[in-house]
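Asker: Quick one: structure below, then a few questions.
Protein chains: 2
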Amino acid sequence: MSLRSEIAEQPAVIRRLLEAGWPLARSLSRPLAAAEHLTIAARGSSDNAAVYGKYLFESLAGVVTALAAPSLVTRYGTPPSFARGAVIGISQSGAAPDVAAVLAEARLSRAPTIAITNNVRSLLARSAHDVFPLGAGPERSIAATKTYTATCVALALLAANSAEARGRSALSLAGLVDSVIEAEAAEREADRLARRIGRARMIVVLGRGYEYATALEAALKVKELAGVWAEPYSSADFAHGPISLLEPGIPVLLFAARGAAQREARAMSRTLRKRGARIYAVTNDAGTAELADDAVLLGAPLSEALTPISFAVVAQLFALSLATRRGRDVEHPRGLSKVTRTR
Amino acid sequence: MSLRSEIAEQPAVIRRLLEAGWPLARSLSRPLAAAEHLTIAARGSSDNAAVYGKYLFESLAGVVTALAAPSLVTRYGTPPSFARGAVIGISQSGAAPDVAAVLAEARLSRAPTIAITNNVRSLLARSAHDVFPLGAGPERSIAATKTYTATCVALALLAANSAEARGRSALSLAGLVDSVIEAEAAEREADRLARRIGRARMIVVLGRGYEYATALEAALKVKELAGVWAEPYSSADFAHGPISLLEPGIPVLLFAARGAAQREARAMSRTLRKRGARIYAVTNDAGTAELADDAVLLGAPLSEALTPISFAVVAQLFALSLATRRGRDVEHPRGLSKVTRTR
Numbered sequence: 000m001s002l003r004s005e006i007a008e009q010p011a012v013i014r015r016l017l018e019a020g021w022p023l024a025r026s027l028s029r030p031l032a033a034a035e036h037l038t039i040a041a042r043g044s045s046d047n048a049a050v051y052g053k054y055l056f057e058s059l060a061g062v063v064t065a066l067a068a069p070s071l072v073t074r075y076g077t078p079p080s081f082a083r084g085a086v087i088g089i090s091q092s093g094a095a096p097d098v099a100a101v102l103a104e105a106r107l108s109r110a111p112t113i114a115i116t117n118n119v120r121s122l123l124a125r126s127a128h129d130v131f132p133l134g135a136g137p138e139r140s141i142a143a144t145k146t147y148t149a150t151c152v153a154l155a156l157l158a159a160n161s162a163e164a165r166g167r168s169a170l171s172l173a174g175l176v177d178s179v180i181e182a183e184a185a186e187r188e189a190d191r192l193a194r195r196i197g198r199a200r201m202i203v204v205l206g207r208g209y210e211y212a213t214a215l216e217a218a219l220k221v222k223e224l225a226g227v228w229a230e231p232y233s234s235a236d237f238a239h240g241p242i243s244l245l246e247p248g249i250p251v252l253l254f255a256a257r258g259a260a261q262r263e264a265r266a267m268s269r270t271l272r273k274r275g276a277r278i279y280a281v282t283n284d285a286g287t288a289e290l291a292d293d294a295v296l297l298g299a300p301l302s303e304a305l306t307p308i309s310f311a312v313v314a315q316l317f318a319l320s321l322a323t324r325r326g327r328d329v330e331h332p333r334g335l336s337k338v339t340r341t342r
Numbered sequence: 000m001s002l003r004s005e006i007a008e009q010p011a012v013i014r015r016l017l018e019a020g021w022p023l024a025r026s027l028s029r030p031l032a033a034a035e036h037l038t039i040a041a042r043g044s045s046d047n048a049a050v051y052g053k054y055l056f057e058s059l060a061g062v063v064t065a066l067a068a069p070s071l072v073t074r075y076g077t078p079p080s081f082a083r084g085a086v087i088g089i090s091q092s093g094a095a096p097d098v099a100a101v102l103a104e105a106r107l108s109r110a111p112t113i114a115i116t117n118n119v120r121s122l123l124a125r126s127a128h129d130v131f132p133l134g135a136g137p138e139r140s141i142a143a144t145k146t147y148t149a150t151c152v153a154l155a156l157l158a159a160n161s162a163e164a165r166g167r168s169a170l171s172l173a174g175l176v177d178s179v180i181e182a183e184a185a186e187r188e189a190d191r192l193a194r195r196i197g198r199a200r201m202i203v204v205l206g207r208g209y210e211y212a213t214a215l216e217a218a219l220k221v222k223e224l225a226g227v228w229a230e231p232y233s234s235a236d237f238a239h240g241p242i243s244l245l246e247p248g249i250p251v252l253l254f255a256a257r258g259a260a261q262r263e264a265r266a267m268s269r270t271l272r273k274r275g276a277r278i279y280a281v282t283n284d285a286g287t288a289e290l291a292d293d294a295v296l297l298g299a300p301l302s303e304a305l306t307p308i309s310f311a312v313v314a315q316l317f318a319l320s321l322a323t324r325r326g327r328d329v330e331h332p333r334g335l336s337k338v339t340r341t342r
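Here it is in structure tokens:
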């Protein structure tokens, strides 16, 4: 069962990446330091990691960060000027033609470009000045798990070093491996959430701030693996309309970290409870866990900015349990392939 | 019935805006011309307009454009440096505290700021250096319609003038009013699509490139008005996973313009048909219309970059028909209020 074993590999993959990645991230951050702005290009799971990357680069390094609209390069032929910025492209397989096209365009305009990929011989790697190899080993399952968290770690390393290069305080990555070990061991709790969600036809997935990326990735995993429609929202955007659609039969999966966004997560939980919703939380905030119908409560100390990495591991276990309970073939989800080539 | 009459006001609102807006957009674009990058802050429908704005500013003016993550200002207190950029905030009511907070932060760092709003005496207007008033008249319905398209027109005016100020070729807005008149008259065709979609519990909404914003806004309107879960995707992202979930009972609403993205829209239509999906298109491309089970085919000549404005009007009529057929109170959608104050 390769998906479960790939999920289990994450503490080791991340430990290796933290060791090998620091000096690499330091040297790759130098060309980024002079960039006026940053663009991140990606698709699918990698695009969810890109959302996390945007929050990291904006908050830590202080650099305005856009997510690329690849069609402006590949379809319209009217890209923005990347000349005074820098561009990061992400693709675990490195085979995404549209992501590579954005990097190639940026390179033409002499902007620094970095490819984050698990395949250093890929199209994406060849399109970039510099490569940040994930070194996660082969990922055989169609659903990205260890390459997702490894990408998040690579982005955290790059953002932390960019912050230092810009004279800002860096992020401590202490405790990250332990927190991922704790998350990977939460299989039984994640399965309990999956059991309680049961046969729901649909799930709403919420996260705010840093946890917005986790909500996006959890929803994608639930769709891919369990075949359940899962719709992700920033809890702020959810309040601007879709909340009115929430019926009692639709469970809410909430990702909420202790810290700056916890008050809002608790308030959202109270609002949802009043509306009769069932709430299932993945959190390290005991108050949020108490307000939920059930929760995976993590205890390992970790910077708020890094919680999306350990929470994503719980999301993977949850999606896997939900899929298994529904009798889905998690190794070969219907209608999906490992590499999707959109242009 | 104020919603239907507000939809009908759009040709007049847009005509007025095009007349009064040109000189205003020209003067507001001057401070934007020196910006290294642009950030657009918004929520809800305005955030869908912001996605359209990103495509306009990147492709026409060539300036890298990010969508703001307001929580970095309001929750984490770690915003990026806006100092060498410019920031546009959008809120029809002008009452969005998080959008105003992003503008206030940018103003502190002396970046040029513009508020696009229908209320020139609002918090948002007071937070910005400059105001672009929509002048759409009072919008009484909870669902934003004329303020959505007016915001899109304001963004097109600003992007076109910024392009000129940067020595790039501008966008012709010729034909826009006529195309909106044509769209607003397509009530019967939009109703036919709504009838054919019938009692589906869920709809997938697709659009690529410029039409991605239309897919987002159409899905939001369908949720708000008709109470039907509508999930929007860029067709490229849809191919990266969610396509596997598409069952025969889930109809696809496709927005596709003639031009650079039409080949992909046609290819996606063929793929979806092979999978047994029913496709309903809003398009000005006869080929895409032919491949669909039914379509609203618009004929008025219009720049591809402006089609999201006329297509959005068809989306409004479609959502209204779907809501009416389901017996929903479109003036007072359950659980929604006109102004949502998220922080």
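These protein sequences, in sequence, are chains A and B.
So the first sequence is numbered by numbering that gives the first Met the number 0: it starts at 0 and just counts up by one.
So the second sequence is numbered by numbering that gives the first Met the number 0: it starts at 0 and just counts up by one.
Ideal Cβ placement from N, Cα and C applies to all residues, glycine included.
How is Tyr232/B classed by DSSP in three states: helix, strand or coil?
Answerer: Translated into positions along the second sequence, residue 232/B becomes position 233. Here Tyr232/B sits in strand by DSSP.
Asker: Helix or strand or just coil, what does DSSP make of Gly136/B?
Answerer: Numbered from its first residue, the second sequence carries residue 136/B at position 137. Gly136/B: coil per DSSP, three-state reduction.
Asker: Evaluate contact between the region 231-249 of chain B and the region 36-45 of chain A, counting only Cβ atoms and requiring at least three cross-stretch pairs below 8 Å.
Answerer: Taking 8 Å as the limit for Cβ pairs, the verdict is that the region 36-45 of chain A does touch the region 231-249 of chain B.
Asker: Could you compute how far the alpha carbon of Ser178/A sits from the alpha carbon of Ala110/B?
Answerer: The residue given as residue 178/A occupies position 179 in the first sequence. The residue given as residue 110/B occupies position 111 in the second sequence. Rounded to the nearest angstrom, the two C-alpha atoms are 40 Å apart.
Asker: Compare the Cα-Cα distances from Arg74/A to each of Ala34/B, Pro79/B, Arg257/B and Ile13/B and report the closest residue.
Answerer: As a first step, residue 74/A is located in the first sequence; it is residue number 75 there, counting from the start. Comparing Cα positions, the closest option is Arg257/B.
Asker: So Gly43/B contacts chain A; which residues on that side make the cut at Cβ distance below 8 Å?
Answerer: To locate residue 43/B, count along the second sequence from 1; it is residue 44. By Cβ distance, chain A contributes Asp236, His239 and Gly240.
Asker: For Ala214/B versus Leu245/B, is the C-beta distance shorter than 8 Å?
Answerer: Position 215 of the second sequence, counting from 1, holds the residue named residue 214/B. Position 246 of the second sequence, counting from 1, holds the residue named residue 245/B. Not closer than 8 Å, so no.
Asker: Assuming Val86/B and Thr38/B are in contact, meaning their beta carbons sit under 8 Å apart, how far apart are those beta carbons, in whole angstroms?
Answerer: Residue 86/B sits at position 87 when you count from the first residue of the second sequence. Residue 38/B sits at position 39 when you count from the first residue of the second sequence. At roughly 5 Å, the Cβ-Cβ gap stays under 8 Å, so Val86/B and Thr38/B are in contact.
Asker: Within 8 Å (strictly less), CB to CB, does Ala49/B reach chain A?
Answerer: As a first step, residue 49/B must be located in the second sequence, where it is residue number 50. For Ala49/B, the answer is no, since every Cβ of chain A falls outside 8 Å of its Cβ.
Asker: Have a look at Gly136/A, Leu205/A and Val204/A and flag the residue whose alpha-carbon is nearest the alpha-carbon of Asn118/A.
Answerer: Walking along the first sequence from the start, residue 118/A turns up at place 119. Among Gly136/A, Leu205/A and Val204/A, the Cα nearest to that of Asn118/A belongs to Gly136/A.
Asker: Mind checking Asp328/A: buried by the 16 CB within 10 Å criterion, or exposed?
Answerer: Taking the first sequence and counting its residues from 1, one reaches residue 328/A at position 329. Its Cβ having fewer than 16 others within 10 Å, Asp328/A is exposed.
Asker: If you count every other CB in all the chains shown that lies within 10 Å of the CB of Ala60/A, and 16 or more means buried, which is it?
Answerer: On the first sequence, residue 60/A is found 61 positions in, with the first residue counted as 1. Ala60/A comes out buried.
Asker: Would the region 260-278 of chain B count as touching the region 202-217 of chain B if we require 3 or more Cβ pairs under 8 Å?
Answerer: Taking 8 Å as the limit for Cβ pairs, the verdict is that the region 202-217 of chain B does touch the region 260-278 of chain B.
Asker: Give me the chain B residues within the contact set of Leu71/A, using Cβ-Cβ distance strictly less than 8 Å, ordered along the chain.
Answerer: Translated into the one-based positions of the first sequence, residue 71/A becomes position 72. Those are Tyr54, Glu57, Ser58 and Gly208, listed as they occur along chain B.
Asker: In the DSSP assignment, what residue or residues form a beta bridge with Leu253/B?
Answerer: Walking along the second sequence from the start, residue 253/B turns up at place 254. Note: Leu253/B sits in a beta bridge opposite Leu205/B and Ala280/B.
Asker: Counting only Cβ pairs nearer than 8 Å, list the residues of chain B close to Trp228/A.
Answerer: The residue you call residue 228/A lines up with position 229 of the first sequence. Within 8 Å Cβ-Cβ: Met201, Trp228, Glu230 and Leu244.
Asker: Can we say the region 287-307 of chain A touches the region 112-127 of chain B, given the rule of at least three CB pairs closer than 8 Å?
Answerer: At 8 Å Cβ cutoff, the stretches do not touch.
Asker: Apart from the five residues just before and just after Leu34/A, which ones in its own chain have a Cβ nearer than 6 Å to its Cβ?
Answerer: As a position in the first sequence, residue 34/A is number 35, starting the count at 1. In the sequence as presented, Leu is not what sits at residue 34/A; that position holds Ala. Once the five neighbours on either side are set aside, the close Cβ partners of Ala34/A are Gly84 and Ala85.
Asker: Give the secondary structure of Thr287/B by DSSP, where H, G and I count as helix, E and B as strand, and everything else as coil.
Answerer: Reading the second sequence from its first residue, position 288 is the one you call residue 287/B. If DSSP states are grouped into helix, strand and coil, Thr287/B belongs with the helices.
Asker: Do Leu71/A and Lys53/A have their C-beta atoms within less than 8 Å of each other?
Answerer: On the first sequence, position 72 is the one that residue 71/A refers to. On the first sequence, position 54 is the one that residue 53/A refers to. No, the pair does not count as a contact, with Cβ atoms beyond the cut-off.
Asker: Where do the ends of the alpha helix (DSSP H) carrying Ala155/B lie?
Answerer: By 1-based counting over the second sequence, the position of residue 155/B is 156. Counting along the chain, the alpha helix (DSSP H) containing Ala155/B begins and ends at Lys145 to Ala164.
Asker: Would Ile249/A pass as a contact of Ile196/A if the rule is Cβ separation under 8 Å?
Answerer: By one-based count along the first sequence, residue 249/A stands at place 250. By one-based count along the first sequence, residue 196/A stands at place 197. No, the Cβ-Cβ distance between Ile249/A and Ile196/A is not below 8 Å.
Asker: Residues of chain B with CB closer than 9 Å to the CB of Tyr75/A, please, in chain order.
Answerer: Reading the first sequence from its first residue, position 76 is the one you call residue 75/A. Per Cβ cutoff of 9 Å: Tyr54, Ser58, Gly208, Tyr209, Gly258, Ala259, Ala260, Glu303 and Ala304.
Asker: Of all the CB atoms in chain B, is at least one closer than 8 Å to the CB of His331/A?
Answerer: As a first step, residue 331/A is located in the first sequence; it is residue number 332 there, counting from the start. Taking Cβ atoms only, chain B never reaches closer than 8 Å to His331/A, which makes this a no.
Asker: Quick one: is Lys273/A buried, meaning 16 or more other Cβ sit within 10 Å of its Cβ, or exposed?
Answerer: Within the first sequence, the letter at position 274 stands for residue 273/A. Flag for Lys273/A reads exposed.
Asker: DSSP three-state label for Val130/B, please.
Answerer: Position 131 of the second sequence, counting from 1, holds the residue named residue 130/B. Looking at Val130/B - three-state DSSP - the assignment turns out to be strand.
Asker: Specify, as a first and last residue, the run of the beta strand (DSSP E) that Asp293/B falls within.
Answerer: Working through the second sequence from its first residue, we reach residue 293/B at position 294. Residues Asp293 to Leu296.
Asker: Cβ closer than 9 Å: which chain B residues qualify as neighbours of Ser168/A?
Answerer: Taking the first residue of the first sequence as position 1, residue 168/A is located at position 169. By Cβ distance, chain B contributes nothing, its closest Cβ being about 10 Å from Ser168/A, past 9 Å.
Asker: Nearest by alpha-carbon distance to Ala24/B: which of Ala155/B, Ser58/B and Glu188/B is it?
Answerer: For this step, residue 24/B is matched to residue 25 along the second sequence. Minimum Cα distance to Ala24/B is reached at Ala155/B.
Asker: Return the residues of the region 71-105 of chain B that lie within a Cβ-Cβ distance of less than 8 Å from chain A, sorted by chain order.
Answerer: Hits within the stretch, in order: Leu71, Arg74, Tyr75, Gly76, Thr77, Pro78, Pro79, Ser80, Phe81, Arg83, Gly84 and Asp97.
Asker: Just to confirm, is the Cβ distance from Leu133/A to Ala99/A under 8 Å?
Answerer: What you label residue 133/A is simply residue 134 of the first sequence in a count that begins at 1. What you label residue 99/A is simply residue 100 of the first sequence in a count that begins at 1. No, they are not a contact pair.
Asker: Alpha carbon to alpha carbon, what distance is there between Ala217/B and Ala164/A?
Answerer: As a working mapping, residue 164/A is identified with position 165 in the first sequence. As a working mapping, residue 217/B is identified with position 218 in the second sequence. So the two alpha carbons sit approximately 43 Å from each other.
Asker: Following the continuous alpha helix (DSSP H) through Ala225/B, name the residue where it begins and the one where it ends.
Answerer: Along the second sequence, read from residue 1 onward, the residue named residue 225/B stands at position 226. It is not in any alpha helix (DSSP H) - Ala225/B carries neither H nor E in the DSSP assignment.
Asker: DSSP state of Val176/A, grouped into three classes?
Answerer: In the first sequence, counting from the first residue as 1, residue 176/A sits at position 177. Correct three-state label for Val176/A: helix.
Asker: Determine the direct distance from the alpha carbon of Gln315/B to that of Thr306/A, and round the result to whole angstroms.
Answerer: Within the first sequence, residue 306/A is the residue found at index 307, counting from 1. Within the second sequence, residue 315/B is the residue found at index 316, counting from 1. Roughly 39 Å between the two C-alpha positions.
Asker: Quick one: Cα of Thr77/B to Cα of Asn160/B, how far?
Answerer: By one-based count along the second sequence, residue 77/B stands at place 78. By one-based count along the second sequence, residue 160/B stands at place 161. Near 32 Å, if we compare the C-alpha coordinates of Asn160/B and Thr77/B.
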